Structure formats: structure tokens, C-alpha cells
Amino acid sequence: MEVFSRENMEQEESNLDSSPEEFDDDSDTDYDIYPRVSKRKLDISLETTSPKRLRQRTINSTTSSNTSQPGTPRAPLKPAAEMGTKESRRREKSQSTKGYMYEAVRSGSSATVTVVEDWLDDYKQDRAEGVRELLNFIVQCCGCKGVVTKEMFTSMQNADIIGYLTKEFNEDTGSYPVVAPGSEGRRFREGLCEFVSQLVQRCQNSLLYDEFLFSSLVAFLTGLADSQVRAFRHTSTQMAMHLMSALVEVSTIVYAQAEVTQRRFNLEKNKSAHQRATERLEELQNSYNELLEHQEELQSMTNAIFKGVFVHRYRDKVPEIRALCMAEMRVWLKQNPAAFLNDGYLKYLGWMLHDKQASVRMQSVLSLQKLYEEEDFIGRLELFTSRFKERLLNMVLDKDSDVAEETVKLLLLIKQKMEDTLTDEECSCVYPLVFAAHRGLASVAGEFLYYVLCTEVNHFAEGEQEKCTVTFLNLLTSFYIQSKYHEHAAYLVDSLWDVAGTELRNWETMTSLLLQERGEGQGLVDEEESALIELMICAVRQAAEVTPPPPRSFGKRNVSTKSKKLQSQERRRITHHFIPLLPQLLAKYSADTEKATCLLRAPLYFELEAYGSTSRLEKYLELLLSQVCEIVEKHHDERVLEASVRVLYALCSDHYNFSARAERGVSQLLDATLEKFTAHLSEILQGTADEDDVYNAATSLKRLSIFSSAKDMTLSNLFEPSFLLLKAGVESREIDKELMVPALKCAAFYLLWEKVKISDVAVQTEKAELKRLHKMVHSFCLLCQRCLSLDESCIRDQAFECLCDVLVVFGQQKERTEFQSVSISPDETLKAEMVSFLLDYIFTDLDDNAEGEEEEETKLGVLRRRRKQLAGYCKLILYGVFDLQAATDVLKYYSKFYRDYGDIIKETLSKSKMINAVESARIVCLSLQQLFLSLGDDEQEKEEEMREIRDLAKRLAMSFGVNLQHIRKPLLALHQSGILFALQGVDEGDDSNLKFLEILSEFSFKLVKQDRSQLLSYLRRVCGSVSSRCVSMYERSLHVGSRETAARSPHDTPAKKRRRMDKSIRSLDSPALTSTVQPSRAAHMQGIPHSTGSGSSELLSADQFKEGTVQKKAMRLLTHRRAPHSPSEHSDVQSQLHILSLIEEDFEKDEDPVIEEYDDEDSDSEVAVSLPSTRRSTSFLEDLFE
288 MEVFSRENME QEESNLDSSP EEFDDDSDTD YDIYPRVSKR KLDISLETTS
338 PKRLRQRTIN STTSSNTSQP GTPRAPLKPA AEMGTKESRR REKSQSTKGY
388 MYEAVRSGSS ATVTVVEDWL DDYKQDRAEG VRELLNFIVQ CCGCKGVVTK
438 EMFTSMQNAD IIGYLTKEFN EDTGSYPVVA PGSEGRRFRE GLCEFVSQLV
488 QRCQNSLLYD EFLFSSLVAF LTGLADSQVR AFRHTSTQMA MHLMSALVEV
538 STIVYAQAEV TQRRFNLEKN KSAHQRATER LEELQNSYNE LLEHQEELQS
588 MTNAIFKGVF VHRYRDKVPE IRALCMAEMR VWLKQNPAAF LNDGYLKYLG
638 WMLHDKQASV RMQSVLSLQK LYEEEDFIGR LELFTSRFKE RLLNMVLDKD
688 SDVAEETVKL LLLIKQKMED TLTDEECSCV YPLVFAAHRG LASVAGEFLY
738 YVLCTEVNHF AEGEQEKCTV TFLNLLTSFY IQSKYHEHAA YLVDSLWDVA
788 GTELRNWETM TSLLLQERGE GQGLVDEEES ALIELMICAV RQAAEVTPPP
838 PRSFGKRNVS TKSKKLQSQE RRRITHHFIP LLPQLLAKYS ADTEKATCLL
888 RAPLYFELEA YGSTSRLEKY LELLLSQVCE IVEKHHDERV LEASVRVLYA
938 LCSDHYNFSA RAERGVSQLL DATLEKFTAH LSEILQGTAD EDDVYNAATS
988 LKRLSIFSSA KDMTLSNLFE PSFLLLKAGV ESREIDKELM VPALKCAAFY
1038 LLWEKVKISD VAVQTEKAEL KRLHKMVHSF CLLCQRCLSL DESCIRDQAF
1088 ECLCDVLVVF GQQKERTEFQ SVSISPDETL KAEMVSFLLD YIFTDLDDNA
1138 EGEEEEETKL GVLRRRRKQL AGYCKLILYG VFDLQAATDV LKYYSKFYRD
1188 YGDIIKETLS KSKMINAVES ARIVCLSLQQ LFLSLGDDEQ EKEEEMREIR
1238 DLAKRLAMSF GVNLQHIRKP LLALHQSGIL FALQGVDEGD DSNLKFLEIL
1288 SEFSFKLVKQ DRSQLLSYLR RVCGSVSSRC VSMYERSLHV GSRETAARSP
1338 HDTPAKKRRR MDKSIRSLDS PALTSTVQPS RAAHMQGIPH STGSGSSELL
1388 SADQFKEGTV QKKAMRLLTH RRAPHSPSEH SDVQSQLHIL SLIEEDFEKD
1438 EDPVIEEYDD EDSDSEVAVS LPSTRRSTSF LEDLFE
């Protein structure tokens, strides 16, 4: 086997520094075998020339040849009638069914074997005509309508023929049969490859070595593969690569036959003289020599294809061609490793690991996988592995997750087959991928991790299964502790679930480790216990729900009946194992907040009805209730309290026969907690309470607030004491924040539960009660408003969140008449306070707003809280509590804070368009106007701020979508508002607002041609004699409808690009209807004359944009308005808007599918592997806008 020399290694390193497309043709010099392709010389005489004398074949003792040979007995002649019938049938087929082979392969109507045999019959009758027919078949497969005629075939070389076909080829469509989509294209590609394979298979004993058929075929395919026409290049490469694969398969067979013949020859030769058969020995010698000649000819053809096609096309501009070359190389390396599995060929796979396209990298990795799966190939792959191992380790973070997934599979094969190749440090590059959001990649990384852990387990523990499981769990917890993603145990469990499900479902071993007492050399340390508890609870969830973590699950998955049955069995097993042990675990770890919180999630996955099935299990219910109540009394952390309350109210559900007992236990706990709070309330209000009294009252009130969030506790009347605490704290500013925050929650939940009660239709609420509730809501809102100005951030944040929730529920009541008496309309002072909160504490950088409390939190936690607060404010706008104009305070920061709040602001803008599209467009314009008016006086800063406003305008313009017909009214209203704003003060000589037209031009490319003409006429009318660069630029944007040409001079563009731009501008001068509008409707729109009615120049109200009835009404209205009117400053835009409202219904009747909106937003550098996010923006938006 050949190995890399030092010179070759240096050459590869220099090649790897550049992209695959930059490799030059000098890479051919690695091969010293040149193709034996003779030039095509044809006898033009009418009589058929006899082919070159074929060598006698004795591979299988006897061979048959369909070509006559001098000196050998002729086969019996066929009857003349049969010969004539076959000849006539062949002539009829060649004349009446032009393109028969292509149609048969394309449609699959005939078996490929039959097509090949029919063509071979024709070829044996006339070689030249048969080859010409084959060449025409290849040309048809390329999608070319040109034909290789007899004159061309006999008098022209391949280059001239291909040049002529190139001129005849029309590549305007960019589509050809090989790349046809759908089942038809797939069937054609499979049929074409099958045709090539069958052709080689049928000719492998005769015509493959006649030095005419395949020499002509290879030469023609090589010429096509060098064409500039993509269809020729792609199709010929497809056929050439598959042809080489078929030849490699034949060469493998010939090589095996040569070895067998040589062994037989040596056996015969080693016999004694009287036993040796001279004729047999001579026959074997001739057969072996002939097989060697066959090998030489096959090697010559494969080298011709490799050097003529592969070496040039593996770096083709088209990624599909490059991927095709890599896929076929996999076949050659595996079928004939003796000839191809060397570093001269493997280097191409290594080079293509650097390709820019994911599909090419994917094929290279898949090819390497097939090689590393073979044990016999490992020795030949050692040098390649050491050379390209670093690149493979980098590819685990590939931008394409599928490529990264296959790369990890390849590394696992390398780890399994070549033990010492990957070091521990190199393996650590793969481990973090178990936390990736892509489930396929994470699962493969989990398989890699599982193999490494099992290898370590085999070193430490041998024999007993239980001991191996304990060792595995210890190693897994150690890995989880050392990883940086301690909040994502669910991801780790899901990644290992397919391979380590048995170990992760071993509840007996896990619980025994947790209940084991610490001693000398026994038991787990505190950190290991926390990790094991979290992994165990995540495994319980995975087994009970059979679903991956939310970011890894896409849509609903259909679960089979068998899977449901297994899930039910596993859930029953979990229930019966943990019911007796959970009280013991809670008793041991009740003092630890993290461990108790995690363990309290377990009962949510139980079959809770099992507690009431037997008296033996009922005692465990009492133990569980007592332990949970004890945890509630012991802790005041919100997380453990919420987990406890969740378990308690799950047990109190009416679905279970033991719910009364659980209710009784919860009531006793609530009574004791309420008594502790009220015992110190009066002293706190009077200011005489000591620190212990304040602490006890605060912890009790915090527990009551958590219970209030899960259950109606209005009977306890917590609003009055909470309100008194809040009032005293705001007035004196001396009440502890630990009391103020839960007091805000209790008061808010009380109001919300009261609303739930009066929403029940079956319950009639008295007017006095409604009046009292309205007064309470009003007082609470005023109190929260005062809390917004406090210095304590936790009180301020909680007051804002409670205020948003209460206003959403009690803001605008349109369901029932009696609700109007409890509805509240926020005044301007409250709105101003909430806007100030947005500007001061949400739309600020995290570092600039750092205070004592926030320094203890991570930036992610602060950002999560701010997103929640912004979402609450946006809900007030969308639910009608605030006017849509309040959205301007949010839209102004869309671009600046896009990374943090972009999804929330974008969804708010989208929902506002559903409420009132025209008003929403005006709000967009108003937000830009407010930013424009806030520009400073410094010219440099003003220019920078102006650029930021234009960037914001670009983002807002892209939010309007791509269906230009549906956004005509909103865009017209936006432009009209912007023009009126820009012209304010022009009559008095103040033209400072004219620069706003530059911002407005960013929306011009969304206008259709008719509306641009109307706005242009309106602009010229209202501007009068005003001449300004801004007005001229805005006019240009209306002329061409493009924001680029409006903002850039043509002289700034290079000549070559300018010509291309001019061509695109000319194309934009055509009617700007989208491609989804039917031609009939486009003609109808162009046929509508523009109205010139007069009226007020005020903006139209939302009521004026009502849907018209039918098209005829619009035409009648137009006919009525054709009478001349006196000119006025009112524009045609008003009439155009009204016409649009009349004809909009006609467009909606036969509306075509809308093109998906292209989001033209600047994204940051893309992370190759997305790790789990804790922001949960998707589910957050669903909760926000449901």
C-alpha cells in the first residue's frame, strides 16, 4: 500500500489552507497511468466493418462472443425470415420512436434491462449508428433538444459536436431532467444510473474491451463534463461517476478471477511431470494473461474517467456536482480497496471536509463512515486519521446540525475501532453536545458519552450488574457536576435515553444510593446527592411522559398503542416504587431547598388514584401530606413553596376519593399560617413590632401569597390587611420589602379571584358588591402607581407586574353589562408613570441599571424579568386598555433592543395590524416622527441618530409583509401622514422637517405603481414651489420604488454593477403587482381611472376604510366622479384610499396564496450548535398573545 511521502503531506497542508474551489489541476500528477482512449475512426462505407479480433475468452472454461472472429467456427445462421423480421423491427423502432431510450428511462414504462438489450442488438448490427444513438440519448438526458446527426458523427470531433449542441441548448429555465423535483425526477435519476449499470453488466464479457464503444462513451462524457453549460456538466458527471462505479465493480470481479486462475495455474504447475496436463496449463496461462489485459484496460478506463471528470468536477461551482463526486467515491473505496484505498484518493475526502456547502461535507463524512465500519480498512486509515482528525473535531460544531450529527457518529466509530486515537481532551469536545437543542445531534453525542462511560465502568467494575450500574451512575453524576449546564439535566437524560434507558430507569439503585447514610467510604457527598436527585426526577418525567424537553419536541407526535401501553406500565411501576420511599426521601432532604424542590416534582408523575386503592398505601398518603406541610412551614423560598402547593392541590383534586382528607390537611395548614400573620399585623402597622415579628409575618404572608395563586382564598379576606400594609409602607417608606412584595401579590390575586367569581353566569352579584370591588380595584391601582416611584427594585417590579395583570382583567369590559361597573380606565397620570417605568428600567442596558439586588442575579434572570414586564405592557395595548398610540413608546426601541425584545415587539406590531391596519401604520409613522423630533443639535450626533432612525424604518417596513395589495391602504395612510408632517412649517419658512422624507422613503419600495403615481401627484401639489434635496430624493423613491436607488447616486456604483442595477430599475417600471395577482385582476386595476375629487386634507379616520360591497359599486362610484372638480390642496390619495376600500372585497374573493414574508433583519454571528435557552420566548409569546 502507498503511503504519503513528506512532500505529499506538505502539498496537502498547503491545499487545505484554501477552499476546495481554489484547488488547481496539478493534483492530477499523482497518477502516472494514462487512459488508452483511441480516436474514433469510422469507415463511412455502407457495408458493416468487422470489429477488431476479440481475444479468446477462457475465464469460465467456455465463453461466447456475439461478434464473428476469423479462424473460429461460425455459429449456425438464423433463418432469413427471422433475420428480416428482426431487422425490420429494428428499423421501424429507430425511425418511428425517436428518443425511445430516453422516454423509457424517464417514464419507467419499460424495464431497464430490456432497453439495454434492445440497444445492444442495434449496436451489434451497426456500431457507428448504435454509438450515435447512445450519444443522442445522453444529449436528451441533459435536456437539450439538439441532435447528433450522421454527418456530425462521422466528420466532427467531440469538442465540435459539444460546441454545436451548446449553441442549440436553451438554459434560460435553469431546469433539466437530472434536477427535476418530485417523484418524477427521482425516478429519472434512478433509471439513468440503472441504465449505466446494466450497460456495463451486459458488456462485461465482450463489448467492454472492444476499444470502441466505451472509449467513445468515456470521451464524450469527458467532453460534456468540461462544458460551461450546467445541464451538460451535471448530467455527464452523474453518468460518468456511476459508469466508473460499475467499472470498479467489474474490475473487482476480474481481479478475483485472476487470483483464482493464478492459484489454479500454480497448483497445476506444481504437479509432477506425469500428472501435469500441458494443455490445461497452457489454457490457464492464456486465461490469466487475458485477465491481466482486462485489468489493464479497466484501469485505463477508470483512470481516464477519474482524471478527465472527477479531478475537475469534485471542485465544481455547483454543490450538487461536488456532493455527487464524493458519494460515488465512497463506492470505489469500498468495492476495490486494493486499488483505491490509499492516500492518493483519500485526500479528496479530507479536502471536501472543508467545503462551504453542507451537502458536500455531509457526503464526505458519510463516505468516511462506510470506510471506518470495516475492520480490514482501519490499518490503511491511520495516516488519514492523524492528518484530518483536527478538522473532524471542529466539525462537531458545524453550522448544519445534520452534518455535526454525522460527524459525531464518525468520531464514535473512530473511538470504537481505534482506541488510542482520540485523547480525553479531544473527546471533551463532543461531551457538551448532549445539551444541544437539536435532538438528533444530542442523541448521537449521548451515545458517544455512553460508550466512554461504559469503557470506564468496565475498568472499575466487572461482573455484577448492580455494581456496574452503581459505577455508571456515579460517573454520570460526576460528569453532570463538572459540566457547565447545571440547569439542564432534562437535556442530558433525553440524550442518553435511547442507549442508557436501562440504567436511568433503575429506580431501586438510585433510591438506595440516596437513602444510604454517609459513612467512611460510603454514601454520596452533598453535591453528588443533588445531581443524582435531579437526574432521577428528570428520568421519572421522561419515562412517565415519553416526550423530550420542550425545545427538542416539534409538534404533536402520534404515539402507538404499544407505546402507550409501555408508558402506562412504566408509570405504574414508578408509582408503586416511589409511594413508600418518597416520604423517607423528603424527610432526609427536607432541610435542603434545592433537593426538596426537586423531589416534590415526583408526585406529579404518579398515578395518584393508587393512594386510595388499599389501606396500606393510605398511610403513605398521610406521611406525604405531613412531610409536605412540614416543608411549607420550614421554608420561605418561593420555589419550594410553589412546588409544595402544586403537590397539595393535586392531591386535593375532586377526581380522587381521598381528596377530603387532603383538603382537611391543607385547611389546617392555611389556618395556622393565617393566624401567625394576623397575630403580628397590628404591631407592624403601629411600628412597634421587633425583627422576629416582622420576619414571622413576612414568611407567613409569602406562604399565603403562594396559596392564593393556586386557589381561591377570598374568604380569608387578605385584601384589607395587605392593602393596609402597602399603604403604610408607601406613606412611611419604612415597611420591610419582604412584607411589601407578598402583600402586593395577595391583594392582586384577591381582585383576580373576585373577578372570576362575578364572571360566573350562574351567580348573581349584587350592585353594592360590584361597587365595592370597583373601589378596591381603583385604590389598588393608585397604590401600585405610587409604588412605581419607590427605590426598592423588587417592590417596583412587582407593582408594575400586578398593575399590568389587574388592568388587563378590569380594563375594558365588553362581555356583560354588569361588568361595566367594575371596569377601570387608567388616567393619563398612570399611563405616564408606566411609560416612565419602561424607559427607566426596561429599555436600558443591563450594566447601566445594576443595583445591589440585581448584582446578585445573573443577566439572564434580569432579562427574563424585563421581558415579562414588557409583555405585560404590550398586553394592555392589544386588549384595548391603552390606545394603540401607546405602542409608539415600544416601537421606537425595536431596532436598538432587537436582540432582547425583538420577538415581543414584532408580535405586538403584528397583532396591532390585525386590530386596525391603517391605524397601526399611522402609529409606525408617529413613532418615527417622535424620534425625528428628538434629534439633537450637534451635527455629528444628529447624523448618527438619523442613521439609526433609518435603520429602524427599514425594519418596520419589512414588517408589512410581501402581499402588496393587502397593505395598500396602510401604506398610503403612512405616507400621507409622513408628508403632512414633513411639510409642517414650510409656509412660514421652517423646512427643518423636510429631512423626514428621507426616512419616509424607506417605505416606498412597498408601494404598487398606481399608489406611487398618486403620492407623487399629491407631493407635487402640496409642495408647490418647494425645492429641496430631500424632496427630490423622496420623488426618486416614488419613481422607482426602491430604497437603494433613492439613497445612493448612480455614480457611486461601478459601471458593471450599474448596468445591472439599471436593468432592475427598468424592470421595476412595469406595473408593480405581485406575482400572486392574477392577470385578469391586474388588467382590472390598470383600467381604473384615478379620481380627482376634492375634500379636506385631513387624514381619513378608520371608519372611512370599510370594505366595499362589489366591484360594480366601485365602477359606478368612479363613473359618478368623472365630472370635473375645482383644484384644491386635497390629494388624490383620499380618493384612491376610498376606491381601494371598495374594490378590496373583489381581491379577497379570489386571493392567491401569499408568499411567505422574508425577514430582512440583521442577525448576529450564528452559533453553530444551539444550546438550550432559558428564555423560552416561544411559549412566552403563546401565553402572551393567546
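In this text, residue positions in the sequence shown follow the numbering used here: the first is 288, and each later residue adds one.
Where a beta carbon is used, it is the ideal one built from N, C-alpha and C, also for glycine.
None of the values given here were measured: they were computed from a predicted structure.
Could I get the ranges of all uninterrupted alpha helix (DSSP H) runs contained in the stretch 659-684, with 4 residues as the minimum, in chain order? 669-681
Would DSSP call Thr742 helix, strand or coil? helix
Any idea what DSSP makes of Gln515, helix, strand or coil? coil
Using a Cβ distance threshold of 8 Å, determine whether the stretch 786-794 contacts the stretch 803-821, with at least three qualifying pairs required. no
Inter-residue Cα distance where the pair is Leu872 and Leu801: Roughly 8 Å between the two C-alpha positions.
Taking the Cβ atom as the reference point for each residue, do Tyr387 and Leu500 lie within a distance shorter than 9 Å? no
By the DSSP assignment, the alpha helix (DSSP H) with Asp1084 in it spans what residues? Ser1080 to Phe1097
How many Å lie between Val418 and Tyr389 at the Cα? When rounded, the distance between both Cα atoms is 15 Å.
Could you tell me whether the Cβ atoms of Ser782 and Val827 are closer together than 9 Å? Result no, Cβ atoms of Ser782 and Val827 do not sit closer than 9 Å.
Measuring alpha carbon to alpha carbon, tell me which of Leu740, Gln1297, Ile768 and Leu578 ends up nearest Cys755. Leu740
Using a Cβ-Cβ cutoff of less than 6 Å, which residues in the same chain neighbour Met443 once the five nearest sequence positions on both sides are dropped? none
Inspect the CB distances between the stretch 621-639 and the stretch 655-665 and report whether three or more fall short of 8 Å. yes
Could you give the DSSP three-state label for Ala1119: helix, strand or coil? helix
Going by CA-CA distance only, name the one from Leu1258, Glu569, Arg1154 and His725 that's closest to Tyr1185. Distance from the Cα of Tyr1185 is smallest, within the candidate group Leu1258, Glu569, Arg1154 and His725, for Arg1154.
Near the ligand GDP: Lys1183 beta-carbon under 8 Å from a heavy atom: This structure simply doesn't include the ligand GDP, nor any ligand for that matter.
Identify, in the order they occur along the chain, each residue of the same chain with its Cβ nearer than 8 Å to the Cβ of Lys1350, setting aside the five sequence neighbours on each side. With a pLDDT of 37 at Lys1350, under the threshold of 50, the modelled position of this residue cannot be trusted; read the value that follows with caution. Counting only Cβ-Cβ distances below 8 Å, and skipping sequence neighbours, we find nothing.
Given this structure, state the Cα-to-Cα distance separating Tyr737 from Val1295, to the nearest angstrom. 60 Å
Three-state secondary structure assigned by DSSP to Glu1438: The predicted model places Glu1438 with a pLDDT of 38, which falls under 50 and marks its position as unreliable, so this point remains unresolved.
C-beta contact flag for Glu395 and Arg474 at 9 Å: The sequence given here has Gly at residue 395, not Glu. Cβ atoms of Gly395 and Arg474: closer than 9 Å.
From Gln1227, Leu779, Ala1240 and Met1121, pick the residue whose C-alpha is nearest to that of Lys1179; which is it? Ala1240
In chain order, each alpha helix (DSSP H) run of at least 4 residues that lies wholly inside the stretch 940-1015: 946-966, 968-973 and 978-997
With distance defined between alpha-carbon atoms, name the residue in Glu713, Phe1130 and Leu611 nearest to Arg678. Relative to the Cα of Arg678, the nearest Cα in the group Glu713, Phe1130 and Leu611 belongs to Glu713.
Go ahead and label His1262 buried or exposed: buried means 16 or more other beta carbons lie within 10 angstroms of its beta carbon, across all protein chains shown. buried
Could you tell me the alpha carbon to alpha carbon distance between Val392 and Phe893, rounded to whole angstroms? 60 Å
Secondary structure at Asn909, three-state DSSP: helix, strand or coil? Residue 909 is actually Glu in this sequence, not Asn. In this structure, Glu909 counts as helix in the three-state DSSP scheme.
Taking 7 Å as the limit between beta carbons, can you name the residues of its chain near Asp1176, skipping five residues before and five after? If we look at Asp1176 and ignore the five residues flanking it on each side, its Cβ neighbours are Val1122 and Leu1125.
Nearest neighbour of Arg1209, chosen from His923, Gly1248, Leu1267 and Thr764 [CA to CA]: Leu1267
According to the neighbour-count rule (16 or more other Cβ atoms, all chains shown, within 10 Å of its Cβ), is Leu1157 buried or exposed? Buried, since its Cβ has 16 or more Cβ neighbours within 10 Å.
Looking at the unbroken alpha helix (DSSP H) that takes in Ala691, where does it start and where does it end? Ser688 to Lys704
Using three-state DSSP, classify Ile1129 as helix, strand or coil. coil
So which of Asp1132, Tyr1181 and Cys1033 has the shortest CA-CA distance to Asp1092? Cys1033
Who are the near neighbours of Leu1196 in its chain, counting only those whose CB is closer than 6 Å to its CB and skipping five residues on each side? Ser1246
Would you kindly report the start and end of the unbroken alpha helix (DSSP H) that includes Glu1021? No alpha helix (DSSP H) holds Glu1021; DSSP gives it neither H nor E.
Exposed unless 16 or more other CB atoms sit within 10 angstroms - verdict on Phe747: exposed
Taking the runs of the alpha helix (DSSP H) that are 4 residues or longer, which of them lie wholly in the stretch 580-610? none
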